[in-house]
Structures are given as structure tokens and as C-alpha cells.
Amino acid sequence: MLRLDSVQRHYVQGDNRLVILDKTDFSMVRGEMVALVAPSGAGKSTLLHIAGLLERPDAGEVFIGGQPFGSLSDPERTAARRNAIGFVYQFHHLLPEFSALENVMLPQMIGGQSRAVAAERARALLDYMRLGKRAEHRPAELSGGEQQRVAIARAVSNNPHVLLADEPTGNLDPETSHYVFDALTALVRQSGVAALIATHNHELAKRMDRVVTLQHGKIIPYDLANS
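In terms of this note's numbering, the sequence shown is residues 33 to 259.
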């Protein structure tokens, strides 16, 4: 569902060339959850931005659902992000003036779905996330865990191939983190989306299918037991 083929990315700071990704290869299959564990500054955000078509690599190719996306124009990349990729961030980024239901409906309607179809799927997703009774509440009326579950529902509302999450439980207390992660896991398994999740939480990372890290610009397996 997601494949990075010899991806390279570097930045220039004065006279220095800072290599972030160095001919990096990586792939994920349908329904797989991969934890990305690495220290700050290692390049996690750059990797997620490139995988999510928010940033172009200097070289190499990004494949999503078997299709190459490197040579697409900016409007085509925007359409691909809307339809093929879901994003969950540390902060929920819900639109405050809209209800939970409307927040989950909006990506679908932007993608061309009718209001009725979007509402039906949004209600189904919120029910799945155990938020059906909170569907008409605005973000300010929801708890932190509820807000993040709405954000997860929104991220998968367009049936993406890939879900990218950057510290999705970073702002939550431990008990709420586990509850939100359980909901995220259930949704990934049910939908078959491939999920790459950057996290510093080793307890949550252990529960994923595998764990990787960034080292010298390469994505390599990460042994939590010896970290």
C-alpha cells in the first residue's frame, strides 16, 4: 500500500549539507501497523511529509497503492492526498465551528460525496469509535480522547490506502492514550488501511506489527527490548 523507493532528502544550512533520508527504502502492506520510533531531529516528520505527498523528495519515488506519485503536479498531489491518504496529528485540528459529525463529513463532501452519503458514513464511523451519542457536539464540548477519536474517524472517512499519524496520543494521559490507540487499531484492522505511526510511547509501539527507526538516513528495524 505504501512503498518508498530510494528516497533522498537533504537540506542546506550555510555551507553544510544535512542529509535526512539517504536512498531510503520502505514498504507496508494492507492492514499493517508500523511504529516509527526515533529521537527528535532524526527525520520522522520529513519522512511522514514525503510519504504523505506534502513534501517532494530530492530523488527516489513514492508509491501508494502501487501507483507512482513523484511526477504528479501540485493539484494532482492534492487530490491524491485527499483520496488516498489520511492524516492524524498530535493535536486534533478539528474545525471548532462544526460538530463532530460535520468534521467527519467535510472531507467526503470536498471529495464529491453528497451530503446524505457523507452523513451516513460519518455516523457509521463515529458509532464505530463509540461516539455516536456525541455526534452533534462541537470539539470544545468533547474530551481530549473524544476529539482525537473524531480526528481518526475524519482521517479514514475517504477510505484512504494509507494512514499517517504523528504522535496521535502525545497530548493524552496514559489511560486515554491506550483507549484511543485501541480504537485506532480496531479501525485499521477493520478497514485494511496501512498505518505508519510515529510515537515516543514504547508501550504502544510494542503493540504494533513491527517497529522501525531512522538511522543515518535509513529506515531500519528497531529493537525496543534493547533500547
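Beta carbons are placed, not taken as given, at the ideal position from N, Cα and C, and that holds for glycine.
Note that the coordinates shown come from a computational prediction; the quantities given were computed from them, not determined experimentally.
Original post:
For Met141, which residues of its own chain have a beta-carbon under 6 Å away from its beta-carbon, when the five flanking residues on both sides are left out?
Top reply: As a working mapping, residue 141 is identified with position 109 in the sequence shown. Hits under 6 Å: Ala150.
Subject >> Candidates Asn48, Lys76, Gly98, Leu85: closest to Ser59 by CA position >> reply: As a working mapping, residue 59 is identified with position 27 in the sequence shown. Closest option to Ser59, Cα to Cα, is Gly98.
**OP:** Excluding the 5 residues preceding and the 5 following Ala215 in the sequence, name in chain order all residues of the same chain whose CB lies nearer than 6 Å to its CB.
**Re:** Taking the sequence shown and counting its residues from 1, one reaches residue 215 at position 183. If we look at Ala215 and ignore the five residues flanking it on each side, its Cβ neighbours are Met161, Arg181.
**OP:** Please list the segments of the alpha helix (DSSP H) lying wholly inside the segment 89–146, counting only runs of 4 or more residues, in order along the chain.
**Re:** 106–116, 132–142
**OP:** Leaving out five residues on either side along the sequence, give the residues of the same chain with a beta carbon under 8 Å from the beta carbon of Ala175.
**Re:** On the sequence shown, position 143 is the one that residue 175 refers to. Going by the sequence as given, residue 175 is Ser instead of Ala. The residues are Thr208.
**OP:** Count the CB pairs spanning the segment 70–81 and the segment 122–129 that are closer than 8 Å, and state whether there are at least three.
**Re:** no
Original post:
Helix, strand or coil for Tyr43 per DSSP?
Top reply: To locate residue 43, count along the sequence shown from 1; it is residue 11. It is a strand residue.
Subject >> Extent of the continuous beta strand (DSSP E) run through Thr15 >> reply: Within the shown structure, residues of the chain are numbered from 33 to 259, placing residue 15 beyond reach of any answer.
Original post:
Under the rule that 16 or more other beta-carbon atoms within 10 Å means buried, what is Asp198, buried or exposed?
Top reply: Taking the sequence shown and counting its residues from 1, one reaches residue 198 at position 166. Classification of Asp198: buried, given that the 10 Å Cβ count is 16 or more.
Subject >> Cα-Cα separation, Lys165 to Ala148 >> reply: Numbered from 1 along the sequence shown, position 133 holds the residue referred to as residue 165. Numbered from 1 along the sequence shown, position 116 holds the residue referred to as residue 148. Cα to Cα, the separation comes out at about 19 Å.
Subject >> Short Cβ contact (7 Å threshold) for Ile252 with Ala67 >> reply: Position 220 of the sequence shown, counted from the first residue, corresponds to residue 252. Position 35 of the sequence shown, counted from the first residue, corresponds to residue 67. No, Cβ-Cβ distance for Ile252 and Ala67 is not below 7 Å.
Original post:
When the Cα atoms are used, what is the spatial distance from Ala116 to Leu53?
Top reply: Here residue 116 refers to the residue found at position 84 of the sequence shown. Here residue 53 refers to the residue found at position 21 of the sequence shown. If you take the alpha carbons of Ala116 and Leu53, they lie about 23 Å apart.
Subject >> Boundaries (first-last residue) of the beta strand (DSSP E) holding Val66 >> reply: Residue mapping note: residue 66 aligns to position 34 of the sequence shown, counting from 1. First-last of the beta strand (DSSP E) with Val66: 65–68.
**OP:** To the nearest angstrom, report how far apart Leu163 and Gln122 are at their CA atoms.
**Re:** In the sequence shown, counting from the first residue as 1, residue 163 sits at position 131. In the sequence shown, counting from the first residue as 1, residue 122 sits at position 90. For Leu163 and Gln122, the distance between alpha carbons rounds to 20 Å.
Original post:
Which residue comes first and which comes last in the alpha helix (DSSP H) that contains Arg166?
Top reply: Walking along the sequence shown from the start, residue 166 turns up at place 134. Here Arg166 belongs to no alpha helix (DSSP H), and DSSP marks it neither H nor E.
**OP:** Give me the Cα-Cα distance between Val44 and Gly249, rounded to the nearest whole angstrom.
**Re:** Residue numbering aside, residue 44 sits at position 12 when the sequence shown is read from its first letter. Residue numbering aside, residue 249 sits at position 217 when the sequence shown is read from its first letter. Near 15 Å, if we compare the C-alpha coordinates of Gly249 and Val44.
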